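Remember, the working numbering sits 598 above the position in the sequence shown when you count from 1. Ideal Cβ positions, reconstructed from N, Cα and C, are used throughout, including at glycine. Quick caveat: nothing in here was measured; it's all calculated off a predicted structure.
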Amino acid sequence: MEISLYLRDALSENSQTGQSLSFSVTSAVMYQGQVIIEKGSTANGRIKNVGNKKITVVLQSVNGVNGQRLPLQEVELSGRTNEMISNRSYSAYLKKGTVISY
């Protein structure tokens, strides 16, 4: 299931590899008629690599309604530094096989 995210932290040419990033969920996520991730919930990621003209970000987890930390499929999002700085909207997916308790 897709999760729409907005990057809360600013990326810049001065961003560091390993730096933690915070995202906000932009719309609630439903599963079997129940909200499992609320709009505004926090998702976490990190900067995997900062190069001369490229930044790579990895999304890691999102907080579910019951406080459960749900793992995300670790997809690397890469782009030119100026594009990654201006694009603050991202999509993520729950890791396959995640057991959700709600």
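By alpha-carbon distance to T640, the top candidate from G695, L670, N650 is L670.
Between the beta-carbon of S689 and that of E600 there is about 6 angstroms, and that keeps the pair under the 8 angstroms contact cut. The Cβ-Cβ distance between G638 and V623 falls below 8 angstroms. 8 angstroms or more divides the Cβ of I634 from the Cβ of G677. Around E674, the same chain offers K646, T654, V656 as residues with beta carbons nearer than 7 angstroms, after the five sequence neighbours per side are excluded. When DSSP states are grouped into helix, strand and coil, E681 belongs to the helix group.
Residue burial annotation: M628 is exposed, with fewer than 16 other C-beta atoms found within 10 angstroms of its C-beta. By the C-beta density criterion, V697 is exposed, having fewer than 16 other C-beta atoms within 10 angstroms. Between R606 and S625 the beta-carbon gap is near 16 angstroms, outside 8 angstroms, which marks them as no contact. DSSP, reduced to helix, strand and coil, places V697 outside both helices and strands of the structure shown, so it counts as coil.
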